[in-house]
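Participant: To start, I am sharing the structure in question, which I have written as structure tokens.
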Amino acid sequence: MRGTRTGNIYIYAPRQKVLMLVDVIFPGWSPFSNLALAEEVPEYITAYDKVLGFDFDFFIGGHFNRLGKREDVIEGKKYIMDIKANALASLQNPALFQIFSIFPNNGLGATAVYLDQMACDCANRTLDPNQTPSTVDWRSLIGNADINSVGHCWVMGEAMRIDPTF
Numbered sequence: 001m002r003g004t005r006t007g008n009i010y011i012y013a014p015r016q017k018v019l020m021l022v023d024v025i026f027p028g029w030s031p032f033s034n035l036a037l038a039e040e041v042p043e044y045i046t047a048y049d050k051v052l053g054f055d056f057d058f059f060i061g062g063h064f065n066r067l068g069k070r071e072d073v074i075e076g077k078k079y080i081m082d083i084k085a086n087a088l089a090s091l092q093n094p095a096l097f098q099i100f101s102i103f104p105n106n107g108l109g110a111t112a113v114y115l116d117q118m119a120c121d122c123a124n125r126t127l128d129p130n131q132t133p134s135t136v137d138w139r140s141l142i143g144n145a146d147i148n149s150v151g152h153c154w155v156m157g158e159a160m161r162i163d164p165t166f
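The working numbering puts the first residue of the sequence shown at 1, with every later residue one more than the last.
Here it is, written out as structure tokens:
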């Protein structure tokens, strides 16, 4: 996905109340690796709101044999917002800043290790219903959350680190 500004196509059949947006939202599944390869994370999140702005009963996300419903899109957005909240908490986790003292003469190396540890911390928070804001057990609710959350957290955390206003 290159972001909603550069090519997402929403196909809407209003009479049938069917909406199609491929490669962004995956009903019943966590997004494909690294937030569906999103290049513009704020725009990626906005896509959920744009989809929810349509009056639809059925949602086609592509690639899977599962027809989605509005509840699936709401659930998917909730997962993404948990990733965002947990990425922010992990970026602010003081324990992770100790990594920079381990590599005092290698800022780039320390940053790479820090981002990987931030992503793991974020994923652990997201997959623990007692730590994630929505208190949802994502492992049992959506497919591949256990596999994809680290990558989602890395992309989200990096987007937030680069643009603190996001």
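Think of the CB as a built atom: it goes at the ideal place given N, C-alpha and C, for glycine as much as any other residue.
The structure presented is a predicted model; accordingly, all values stated were derived computationally and were not measured.
Within 8 Å, do at least three Cβ pairs link the segment 67 to 80 to the segment 15 to 34?
Facilitator: yes
Participant: Got a sec? Which residues, its chain only, sit under 8 Å from Ser33 by beta carbon, not counting five neighbours each side?
Facilitator: In the same chain as Ser33, and ignoring 5 residues on each side of it, the C-beta atoms closer than 8 Å to its own belong to Asn148 and Gly151, in chain order.
Participant: Quick check on DSSP: helix, strand or coil for Ala13?
Facilitator: It is a strand residue.
Participant: Rounding to the nearest angstrom, what Cα-Cα distance links Lys17 and Asp57 in this structure?
Facilitator: Going by the C-alpha atoms only, they are around 5 Å apart.
Participant: What do you reckon, are the CB atoms on Ala95 and Pro133 nearer than 8 Å?
Facilitator: No, they are not a contact pair.
Participant: Checking the sheet assignment: what are the DSSP bridge partners for Gly143?
Facilitator: DSSP output for Gly143 lists Trp29 as bridge partner(s).
Participant: Would you mind stating whether Gly157 and Ala47 have Cβ atoms separated by less than 8 Å?
Facilitator: no
Participant: Using the beta-carbon count (16 or more within 10 Å), is Pro14 buried or exposed?
Facilitator: exposed
Participant: Spell out whether any CB of chain B is found under 8 Å from the CB atom of Phe32.
Facilitator: In the structure shown, chain B cannot be found, because there is only a single protein chain.
Participant: Considering Leu127, what are the terminal residues of the alpha helix (DSSP H) in which it resides?
Facilitator: Gly107 to Leu127 is the extent of the alpha helix (DSSP H) around Leu127.
Participant: Could you check the C-alpha separation between Asn124 and Arg139 for me, to the nearest Å?
Facilitator: 11 Å
Participant: Could you check whether Leu115 and Trp154 sit closer than 8 Å to each other, using their CB atoms as the reference points?
Facilitator: yes
Participant: Using 8 Å for Cβ pairs, my map puts Gly61 next to Leu91. What's the rounded Cβ distance?
Facilitator: Here Gly61 is actually not in contact with Leu91; their C-beta atoms are around 29 Å apart, not less than 8 Å.
Participant: In this structure, how does DSSP classify Leu21 when only helix, strand and coil are distinguished?
Facilitator: coil
Participant: For Ala159, is the classification buried or exposed, using 16 other Cβ atoms within 10 angstroms of its Cβ as the cut-off for buried?
Facilitator: buried
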